[in-house]
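Chemist: Starting off with a structure, shown below.
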Amino acid sequence: MLENAIIAGRAKAEQGFHPPPAAYESTKSEEWMRDRADQLKEEVTLLFETCKDVEEKLKLVDVLQHLGIDHHFERRIAVALSDIHGAEFNSSSLHDVALRFRLLRQHGLWVSPDEFNKFKGPDGRFNAEVIDDPMGMLSLYNAAHLLIHGEVELEDAILFSRHQLETIIARNLKSSPLSQQVTRALRIPLPRTLKRIEALNYIAEYNQEQACNPSVLELARLDFNLLQLLHLRELKEFSRWGNNLYGAVELTYSRDRIVECYFWSYTIYYEQKYAQARIILAKIFVLATLLDDTYDMHATLEEGQKLNEAIQRWDESAISVLPEYLKNYYAKLMSTFKEIEDELKSEEKYYITYAVKAYQRLCKLYLQQAVWFHQNYIPSFQEHLEVSIISSGSPMLSVVSFVGAGDLATKEALEWAFGCTDAVKACGEIGRFQDDLAAFKHGKGKLDMATSVESYMKEHNVTGEEATAVISNLVEDAWKTINQARFERSSLVPAVNRVAYLAMSIMFFYQGSEDAYTFNKLSMNIIKQLFVKLIPIILDIILHSMCQQ
Numbered sequence: 001m002l003e004n005a006i007i008a009g010r011a012k013a014e015q016g017f018h019p020p021p022a023a024y025e026s027t028k029s030e031e032w033m034r035d036r037a038d039q040l041k042e043e044v045t046l047l048f049e050t051c052k053d054v055e056e057k058l059k060l061v062d063v064l065q066h067l068g069i070d071h072h073f074e075r076r077i078a079v080a081l082s083d084i085h086g087a088e089f090n091s092s093s094l095h096d097v098a099l100r101f102r103l104l105r106q107h108g109l110w111v112s113p114d115e116f117n118k119f120k121g122p123d124g125r126f127n128a129e130v131i132d133d134p135m136g137m138l139s140l141y142n143a144a145h146l147l148i149h150g151e152v153e154l155e156d157a158i159l160f161s162r163h164q165l166e167t168i169i170a171r172n173l174k175s176s177p178l179s180q181q182v183t184r185a186l187r188i189p190l191p192r193t194l195k196r197i198e199a200l201n202y203i204a205e206y207n208q209e210q211a212c213n214p215s216v217l218e219l220a221r222l223d224f225n226l227l228q229l230l231h232l233r234e235l236k237e238f239s240r241w242g243n244n245l246y247g248a249v250e251l252t253y254s255r256d257r258i259v260e261c262y263f264w265s266y267t268i269y270y271e272q273k274y275a276q277a278r279i280i281l282a283k284i285f286v287l288a289t290l291l292d293d294t295y296d297m298h299a300t301l302e303e304g305q306k307l308n309e310a311i312q313r314w315d316e317s318a319i320s321v322l323p324e325y326l327k328n329y330y331a332k333l334m335s336t337f338k339e340i341e342d343e344l345k346s347e348e349k350y351y352i353t354y355a356v357k358a359y360q361r362l363c364k365l366y367l368q369q370a371v372w373f374h375q376n377y378i379p380s381f382q383e384h385l386e387v388s389i390i391s392s393g394s395p396m397l398s399v400v401s402f403v404g405a406g407d408l409a410t411k412e413a414l415e416w417a418f419g420c421t422d423a424v425k426a427c428g429e430i431g432r433f434q435d436d437l438a439a440f441k442h443g444k445g446k447l448d449m450a451t452s453v454e455s456y457m458k459e460h461n462v463t464g465e466e467a468t469a470v471i472s473n474l475v476e477d478a479w480k481t482i483n484q485a486r487f488e489r490s491s492l493v494p495a496v497n498r499v500a501y502l503a504m505s506i507m508f509f510y511q512g513s514e515d516a517y518t519f520n521k522l523s524m525n526i527i528k529q530l531f532v533k534l535i536p537i538i539l540d541i542i543l544h545s546m547c548q549q
């Protein structure tokens with residue numbers, strides 16, 4: 001199983017890891033790493049005070065985000081960006097202007113696309129001199145992906161910068177960190193890239209930059225390894241829980257995706273302080289996978305109706321209505337939610353009500369899809385979406401993601417998530433469309449209803465190619481809605497960003513119209529890199545030497 005491969009791989013990596021000098025041997029313990037990381041945090045905190053201008057502050061914040069250590073400096077970053085937002089800024093650098101635009105918009109601070117007009121001629125086209133600036137083009141490309149509805153000029157900027165980056169890559173951009181960053185962005189733009197994957201890549205690239213700060217790099221490496229130790233311990237415990245669950249429910253037709261469910265949850269909450277939210281989300285993800293597979297692979301319509309009846313009642317006594325093979329699943333469903341509720345503080349226990357309602361709504365719409373399948377009915381495209389956006393599972397996961405999430409789990413956030421509007425609905429659209437594009441390409445499950453692609457084809461009498469093009473554009477529209485929610489829900493920007501992380505994880509699992517969740521070999525390599533592969537921790541003198549090269 002994958003979790004065994006990860007654990008074995010980590011052990012092998014540790015056996016084969018040889019740190020530099022012998023002096024390092026006495027300092028490689030986890031306790032030393034934590035103490036050293038705390039020292040480095042103090043050093044990095046001082047960098048905010050020593051930045052001479054707006055450009056330096058922007059680059060510091062960007063590096064911390066790229067390296068995945070921004071979670072240690074949230075307050076400092078918020079203050080810095082607020083100051084930057086209010087300060088005069090007249091840079092003639094496309095990279096700096098685009099960087100400011102991206103960072104401010106990501107944090108819910110409005111910046112007009114008119115900021116880019118200084119780089120355009122009277123005809124509205126970008127000037128020739130910016131074309132030969134690969135870094136500027138990459139920054140523009142990434143920044144423009146934070147567009148909202150109606151920003152045609154940013155749509156044009158995406159097309160323009162993408163074309164220029166593809167041309168530069170094809171012609172003369174030598175193998176370098178920049179070329180690798182361009183290649184990654186052309187596959188998935190930075191604002192849609194999972195933070196942990198970007199951190200993994202950038203930690204390996206940062207030491208080649210002229211402005212590399214040894215303390216920042218060392219902290220990034222330490223932090224990655226410390227979190228990796230935490231996540232591996234969690235994964236081992238979670239795997240035991242998952243294996244016990246699968247053994248108890250005995251639903252042999254279901255996919256075993258214990259590691260993938262933990263990984264998916266980890267992409268939304270990787271920080272140490274969100275351990276409870278991470279495990280709660282992963283557990284309910286596993287339960288939802290079993291529910292999904294029951295409707296898609298095994299249950300008769302009558303059995304599906306009885307399962308929905310029991311879940312809508314949400315009472316242990318409802319187990320009597322179920323067929324024998326589903327009773328253990330239902331019992332585990334009830335006990336798991338009860339265990340989660342018991343773990344919450346007294347003032348947080350009401351959170352579970354939102355999670356239960358979201359799960360009940362998901363099941364109800366799974367049943368609706370089963371009815372359509374058994375009736376051989378292809379709904380209209382709009383009718384399809386009214387059901388399948390919720391049945392994508394993303395809206396339910398959005399709600400559950402705030403259970404146990406500490407400061408993020410406000411009543412306002414839970415009400416917003418359950419209401420399935422703006423960013424939450426858009427995340428559901430991304431989940432539905434990406435899943436359906438993969439299913440249309442590779443084939444559906446044996447009890448799956450028609451995909452949204454097929455509904456669109458039938459209703460509009462178009463080819464599969466035409467339908468997939470339309471749906472791909474709808475994915476882009478959904479991202480605009482998520483971006484816009486950062487300004488329309490200013491009091492919920494941190495919550496909106498977590499929903500955006502969920503959407504990013506969907507893009508990762510379904511990139512290229514593949515399905516790396518169902519066909520988990522596609523995701524195995526990156527999972528092993530994140531949970532197994534050690535990042536060497538090198539002495540300060542060696543780090544300093546590397547950064548000066």
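If you're matching positions, the sequence shown starts at 1 in full-length UniProt numbering and goes up one per residue. C-beta: ideal position from N, C-alpha, C; glycine also. Because the structure is a prediction, the values reported are computed rather than measured.
Going by beta-carbon coordinates alone, are Thr-267 and Leu-190 separated by less than 7 angstroms?
Modeler: Contact: no.
Chemist: Distance check for Tyr-269 and Arg-278, CA to CA, integer angstroms please.
Modeler: If I take the Cα positions, the gap works out to 6 angstroms.
Chemist: Flag this pair as yes or no: are the beta carbons of Ser-401 and Leu-230 separated by less than 7 angstroms?
Modeler: Their beta carbons are not under 7 angstroms apart, which means Ser-401 does not touch Leu-230 by this criterion.
Chemist: Cβ of Glu-316 within 7 angstroms of Cβ of Met-334?
Modeler: Cβ atoms of Glu-316 and Met-334: closer than 7 angstroms.
Chemist: Within this structure, are the beta carbons of Val-424 and Pro-395 separated by less than 7 angstroms?
Modeler: In this structure, Pro-395 lies closer than 7 angstroms to Val-424 by Cβ.
Chemist: Go through its chain and collect everything with a Cβ distance to Ala-22's Cβ below 8 angstroms, but skip five positions before and after it.
Modeler: In this predicted model, Ala-22 has a pLDDT of only 35, less than 50, meaning its place in the structure is not dependable; the value taken from the coordinates is given anyway. No residues qualify anywhere along the chain.
Chemist: Shortest alpha-carbon distance to Lys-327 belongs to which of Ser-265, Leu-251, Cys-261, Tyr-295?
Modeler: Ranking the options by Cα distance to Lys-327, first place goes to Leu-251.
Chemist: CB Ile-535 to CB Phe-224, shorter than 7 angstroms?
Modeler: Closer than 7 angstroms, so yes.
Chemist: Taking the continuous alpha helix (DSSP H) assigned at Pro-134, which residues delimit it?
Modeler: Its alpha helix (DSSP H) spans residues 134-144.
Chemist: Just tell me which of Ala-469, Asp-342, Tyr-246 has its CA closest to the CA of Asp-436.
Modeler: Comparing Cα-Cα distances from Asp-436 to each of Ala-469, Asp-342, Tyr-246, the minimum goes to Ala-469.
Chemist: Which of the three DSSP states, helix, strand or coil, is assigned to Phe-508?
Modeler: Helix, per DSSP.
Chemist: Quick one: is His-145 buried, meaning 16 or more other Cβ sit within 10 Å of its Cβ, or exposed?
Modeler: By the neighbour-count rule (16 or more Cβ atoms within 10 Å), His-145 is buried.
Chemist: Given a threshold of 16 other Cβ atoms within 10 Å of its Cβ, counted over all protein chains shown, does Gly-464 qualify as buried or as exposed?
Modeler: Per the 10 Å Cβ criterion, exposed.
Chemist: Verify whether the separation of the beta carbon atoms of Cys-427 and Val-371 is less than 7 angstroms.
Modeler: No; because the gap between Cβ atoms is not below 7 angstroms, this pair is not in contact.
Chemist: Taking Val-387 as the reference, give the member of Tyr-253, Phe-433, Lys-411, Glu-412 with the closest Cα.
Modeler: Per the Cα distances, Phe-433.
Chemist: I need the DSSP call for Lys-425, collapsed to helix, strand or coil.
Modeler: Lys-425: helix per DSSP, three-state reduction.
Chemist: Ends of the alpha helix (DSSP H) at Ala-485?
Modeler: 464-488 is the extent of the alpha helix (DSSP H) around Ala-485.
Chemist: Considering only C-alpha positions, which residue in the set Trp-110, Val-182, Pro-113 is nearest to Ser-139?
Modeler: Out of Trp-110, Val-182, Pro-113, Val-182 has the C-alpha closest to the C-alpha of Ser-139.
Chemist: Using DSSP bridges, identify the partner residues of Lys-306.
Modeler: In DSSP, Lys-306 forms no bridge with anything.
Chemist: Going by DSSP, what residue range makes up the alpha helix (DSSP H) through Trp-110?
Modeler: First-last for Trp-110: undefined, no H or E at that position.
Chemist: Go to Ala-78, then tell me how far its alpha helix (DSSP H) extends in each direction, as first and last residue.
Modeler: It spans 74-86 - the alpha helix (DSSP H) in which Ala-78 sits, taken as one unbroken run.
Chemist: At least one CB of chain C closer than 7 angstroms to the CB of Val-79: is that the case?
Modeler: In the displayed structure, chain C is absent; only one protein chain is listed.
Chemist: Looking at the structure shown, is Lys-533 part of a helix, part of a strand, or coil, going by DSSP?
Modeler: In the structure shown, Lys-533 sits in coil (DSSP, three-state: anything other than H, G, I, E or B).
Chemist: Give the range of the alpha helix (DSSP H) segment to which Val-357 is assigned.
Modeler: One detail in the question is off: residue 357 reads as Lys in this sequence, not Val. 351-374 is the extent of the alpha helix (DSSP H) around Lys-357.
Chemist: Could you give the C-beta distance for Gln-484 and Ile-148, rounded to a whole number, given that I count them as a contact under 8 angstroms?
Modeler: The Cβ separation is near 4 angstroms, so the contact holds.
Chemist: In the DSSP assignment, the alpha helix (DSSP H) including Ser-335 goes from what residue to what residue?
Modeler: Unbroken alpha helix (DSSP H) run through Ser-335: 324-343.
Chemist: Beta carbon of Ile-203, beta carbon of Ala-220: below 7 angstroms?
Modeler: Contact: yes.
Chemist: What residues in its chain sit with their C-beta under 6 angstroms from that of Asp-292, if we drop five residues either side in the sequence?
Modeler: Nothing meets the Cβ criterion.
Chemist: How do the region 76-84 and the region 97-112 stand: do at least 3 beta-carbon pairs fall below 8 angstroms, yes or no?
Modeler: Touching, yes, given that three or more Cβ pairs across the two stretches are closer than 8 angstroms.
Chemist: For the alpha helix (DSSP H) containing Pro-177, list its first residue and its last residue.
Modeler: First-last of the alpha helix (DSSP H) with Pro-177: 177-187.
Chemist: Leaving aside the five residues before and after Glu-309 along the sequence, list all residues of the same chain whose C-beta is less than 8 angstroms from its C-beta, in chain order.
Modeler: Answer for Glu-309: Ala-318, Val-321, listed in chain order.
Chemist: Glu-151: which of Ser-491, Leu-60, Asn-497, Glu-476 sits nearest, CA to CA?
Modeler: Ranking the options by Cα distance to Glu-151, first place goes to Glu-476.
Chemist: Where Arg-171 and Asp-133 are concerned, what is the direct C-alpha to C-alpha distance, given to the nearest angstrom?
Modeler: Going by the C-alpha atoms only, they are around 14 angstroms apart.
Chemist: Looking only at its chain, what residues have a beta carbon closer than 7 angstroms to the beta carbon of Leu-365, apart from the 5 residues adjacent to it on each side?
Modeler: The residues are Val-387, Ile-390, Ser-391.
Chemist: Just the Cα atoms here: how many angstroms apart are Ala-248 and Tyr-329?
Modeler: C-alpha separation (whole angstroms): 8 angstroms.
Chemist: Do the CB positions of His-384 and Ser-452 come within less than 7 angstroms of each other?
Modeler: In this structure, Ser-452 lies closer than 7 angstroms to His-384 by Cβ.
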